[in-house]
Amino acid sequence: MTGPRTLETKARHVRATWARHCNVALFMSSEPDEHFPAVGLPVREGRHQLYWKTIRAFQYVHQHHLGQADWFLKADDDTFVVVANLRWLLAGQAPEPAPHRAAAPRPLLPPVLLLPRASGEWGTPRPPPAPASPRRVVPVS
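According to UniProt numbering, the sequence shown is numbered sequentially starting from 1.
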């Protein structure tokens, strides 16, 4: 997922790095761009439209690319994916829903692997990890 303002500042770096290792890489935006290329979705730009942008992107994939893959990854233009590691993680996995995956009921969509944004969910900074609880060390005799 990208937008018209971040196509050249963020999405082009995704295209030049990890997206090259994908079988198919699609860039979804609220405006089409034939030179990049980016698919123009029928949504307005803005944070309040992210839900509909995601829904329209999955509808587009369902209509145009459903038979091209068993797995589809939704990632934002500020996400970095090590595709080789993702392939290793999914190797031998049946494309069925599991706790770390999300999918619509078949036959609507194939399984989708969702990753958090690099900047945290919904663009908020990630909270610092909780401090570890102190442990009492008991010597073994």
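All C-beta atoms in this analysis are idealised placements derived from N, C-alpha and C, irrespective of residue type, glycine included.
Sequence-distant residues of its chain with Cβ nearer than 6 Å to residue i (five each side left out)
{"i": "residue 2", "result": "11, 27, 29 and 77"}
{"i": "residue 68", "result": "24"}
Among the options, nearest to residue i - alpha-carbon criterion
{"i": "residue 60", "options": "92, 17, 5 and 41", "result": "41"}
{"i": "residue 92", "options": "81, 5 and 70", "result": "70"}
{"i": "residue 15", "options": "88, 87, 89 and 79", "result": "79"}
{"i": "residue 13", "options": "81, 56, 49 and 52", "result": "81"}
{"i": "residue 32", "options": "54, 4, 88 and 66", "result": "4"}
Proximal residues to residue i (C-beta, below 7 Å), its chain only, five neighbours per side dropped
{"i": "residue 44", "result": "30"}
Residues near residue i by beta carbon distance below 8 Å, same chain, minus five either side
{"i": "residue 83", "result": "18, 21 and 22"}
{"i": "residue 34", "result": "none"}
{"i": "residue 53", "result": "1, 28, 30, 41 and 43"}
Environment of residue i [buried if 16+ CB atoms lie within 10 Å]
{"i": "residue 24", "result": "exposed"}
{"i": "residue 7", "result": "buried"}
{"i": "residue 75", "result": "buried"}
{"i": "residue 38", "result": "buried"}
{"i": "residue 94", "result": "exposed"}
Helix, strand or coil at residue i [DSSP, three-state]
{"i": "residue 12", "result": "helix"}
{"i": "residue 5", "result": "coil"}
{"i": "residue 83", "result": "helix"}
Any C-beta of chain D under 9 Å from that of residue i
{"i": "residue 58", "result": "Protein chains in the displayed structure number just one, and chain D is not present."}
key: Secondary structure, alpha helix (DSSP H): runs of 4+ residues fully inside the segment 18-76   = Uninterrupted alpha helix (DSSP H) stretches at least 4 residues long and entirely within the segment 18-76 occur at 50-64, given in chain order.
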